[in-house]
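Mapping of the sequence shown onto this note's numbering: residues 52 to 170, in sequence order. Built from N, CA and C at the ideal position, the CB exists for glycine as well. Below: one structure, written as structure tokens.
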Amino acid sequence: MAKILIVDDAKFMRLTLSNILKKAQHEIVGEAETGIEAINLYRTLQPDLVTLDITMPEMSGLEAMREIKKEFPSAKIIMCSAMGQQKMIVEAIESGAKDFIVKPFDESRVLDAVERVLN
52 MAKILIVDDA KFMRLTLSNI LKKAQHEIVG EAETGIEAIN LYRTLQPDLV
102 TLDITMPEMS GLEAMREIKK EFPSAKIIMC SAMGQQKMIV EAIESGAKDF
152 IVKPFDESRV LDAVERVLN
């Protein structure tokens with residue numbers, strides 16, 4: 052069972068991911084709506100894994116990931132993005148994301164990514 056931090060500016064998306072992950076016996080230790088919140092929560096909670104939306108107000112998921120990775124090089128981060136953001140996905144992987152999941156979320160794809168990143 053992993054401790055997971057979910058970051059997305061849309062409550063519905065956080066809820067959807069949370070439900071998928073809880074069903075697979077993972078513990079949701081926190082949720083954040085912005086990149087800044089994500090960084091602060093990461094420091095406090097030190098989760099095993101973060102799911103991070105690319106597109107958010109104030110600070111993008113990419114910027115938040117870079118900040119987290121700077122402080123915690125071993126952080127495990129899965130980026131989430133809507134269809135058609137291939138360029139951003141490539142950038143995310145190059146910046147240190149371990150995997151990415153595309154919205155709308157496919158349950159088996161989410162769980163595959165999570166298992167692969169954690170193991």
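Considering only DSSP beta bridges, list what residue i is partnered with.
i, result
"Ile128", "Val101"
"Val141", "Paired residues: none, contrary to the question."
"Ala57", "It is Ile, not Ala, that sits at residue 57 in the sequence shown. Glu82 and Thr102, per the DSSP bridge assignment."
Tell me where the beta strand (DSSP E) around residue i begins and ends.
i, result
"Gly147", "No beta strand (DSSP E) holds Gly147; DSSP gives it neither H nor E."
"Ala83", "Glu78 to Ala83"
Sort the options by Cα distance to residue i and report the nearest one.
i, options, result
"Ile79", "Ile57, Arg160, Ile128 and Lys121", "Ile57"
"Ser111", "Phe123, Asn70 and Cys131", "Cys131"
"Thr123", "Pro108, Glu109 and Leu100", "First, the residue type needs correcting, since residue 123 is Phe and not Thr in the sequence shown. Closest option to Phe123, Cα to Cα, is Leu100."
"Glu118", "Lys74, Glu88 and Gln137", "Glu88"
"Val149", "Thr67, Lys74, Lys138 and Ala126", "Looking at the sequence provided, one finds Lys at residue 149 rather than Val. Residue Ala126 is the option with its Cα nearest to Lys149."
"Lys121", "Gly147, Gln136, Pro108 and Glu109", "Gly147"
"Gln136", "Leu113, Glu158 and Met52", "Leu113"
"Val168", "Ile128, Lys138 and Ser69", "Ile128"
"Thr67", "Asn91, Leu162 and Lys138", "Leu162"
"Met116", "Glu166, Ala164, His77 and Ile90", "Ile90"
"Glu158", "Ile71, Gln76 and His77", "Ile71"
Terminal residues of the continuous alpha helix (DSSP H) containing residue i?
i, result
"Glu166", "Glu158 to Leu169"
"Phe63", "Lys62 to Lys74"
"Ala89", "Gly86 to Leu96"
"Met116", "Gly112 to Glu122"
Taking all protein chains shown into account, do 16 or more other C-beta atoms lie within 10 angstroms of the C-beta of residue i, making it buried, or fewer, making it exposed?
i, result
"Arg160", "exposed"
"Arg65", "buried"
"Ala133", "exposed"
Point to revise | At least three beta-carbon pairs within less than 8 Å, the region 136 to 144 to the region 89 to 96 | key: no
Practice item. Determine contact between the region 99 to 107 and the region 57 to 71, defined as no fewer than three beta-carbon pairs at a distance below 8 Å. Key: yes
Review point. Contact between the region 83 to 90 and the region 146 to 160: three or more CB pairs below 8 Å?
Key: Fewer than three pairs of CB atoms, one per stretch, sit closer than 8 Å, so the region 83 to 90 makes no contact with the region 146 to 160.
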